[in-house]
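So that you can map any letter, position 151 of the sequence shown is 355 in the working numbering, and since no number is skipped, the others follow by simple counting.
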Amino acid sequence: MNHKYIYLKLLLLIFISSSLYANKKKDMFLFYKDTKFKEACDIGFENFSRYKKDEEFISLYALSCLEVDYINRLAKPIAILRNSKESRANSAYFSVILMQKKLLYHAMIDGYDLSSLKLPTTKYILSKVFDLYLQLGKHLQKDRYLFKDSTDSRLSYKLYLIKNNNIQKIVIEELYNSKIIKIHTYW
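As structure tokens, this is what we get:
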């Protein structure tokens, strides 16, 4: 009788934990759908090892992190997403953005000349600013850059570096009619 009780208890524990496990993907999707991207990104980060073979989960995790500018979290999904056409497209998309961040960081901190590069682009804010920075060509480094959006004259972007806890960070202020609507920080 005692073994039967332990067995039933173990089955119940397995059932409950598998239900909780299954709900993480659903929870992440609901957070994403409700534009609670940070929460979705955090759930994905905390459960990444459990779902590393689930490319839908990995893509949703990466997209959530991208929405809150956690670009460094894209590295693992880039390496994993490969089994479907959609996964490979997502991987390529995330790769472009991560590479642009790294190159812009290198250019702004180390003075690396990006003028000879021809890269794909995306509609993501960092890509837009990266493309505008490339259009400057070879130039003397400035402390701040102000770029006008190519499709909306009321939209502009201020690009500069800050130092926080001895870490240099790229800051992009998104401005609408010269008023800040969003600040993006990358390192």
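Each residue gets a CB set at the ideal place from its N, CA and C atoms; glycine is no exception.
Residue nearest to residue i in terms of C-alpha spacing, selected from the options
| i | options | result |
| --- | --- | --- |
| Tyr309 | Phe351, Ile275, Asn369, Asn294 | Ile275 |
| Tyr390 | Pro324, Asn294, Lys346, Ile329 | Ile329 |
| Arg358 | Glu259, Asn381, Asn370 | Asn381 |
| Ile262 | Val272, Glu243, Ser295 | Ser295 |
| Ala266 | Asn369, Leu323, Phe298, Glu290 | Phe298 |
| Val272 | Glu243, Asp335, Lys229 | Glu243 |
| Tyr349 | Val300, Thr355, Leu336, Leu321 | Leu336 |
| Lys431 | Thr355, Val333, Tyr364 | Since the first and last residues shown for the chain are 205 and 391, residue 431 lies out of range. |
| Ile301 | Arg277, Asp314, Asp317 | Arg277 |
| Gln304 | Leu318, Asp238, Ala283, Asp314 | Leu318 |
| Lys352 | Lys362, His343, Leu344 | Lys362 |
| Ile284 | Lys373, Leu379, Leu344, Lys256 | Lys256 |
| Asn227 | Gly248, Gln339, Lys383, Lys240 | Gly248 |
| Ser288 | Leu340, Leu379, Asp258, Ile384 | Asp258 |
| Tyr316 | His388, Lys386, Lys342, Lys332 | Lys342 |
Residue i - DSSP class collapsed to helix/strand/coil
| i | result |
| --- | --- |
| Tyr265 | helix |
| Lys306 | helix |
| Tyr361 | strand |
| Tyr255 | coil |
| Tyr328 | coil |
| Lys342 | coil |
| Lys228 | helix |
| Tyr274 | coil |
Residue i burial status per 10 Å Cβ neighbour count (16 or more: buried)
| i | result |
| --- | --- |
| Arg286 | exposed |
| Tyr236 | buried |
| Lys230 | exposed |
| Pro281 | buried |
| Ala311 | buried |
Strand pairing of residue i, partner residues [DSSP]
| i | result |
| --- | --- |
| Asn368 | Ile371 |
| Thr348 | Reading off the sequence shown, one finds Arg at residue 348, where the question assumed Thr. Tyr364, per the DSSP bridge assignment. |
| Ile376 | Leu363, His388 |
| Lys280 | For Lys280, which the question treats as bridged, DSSP gives no partner whatsoever. |
| Lys383 | Tyr380 |
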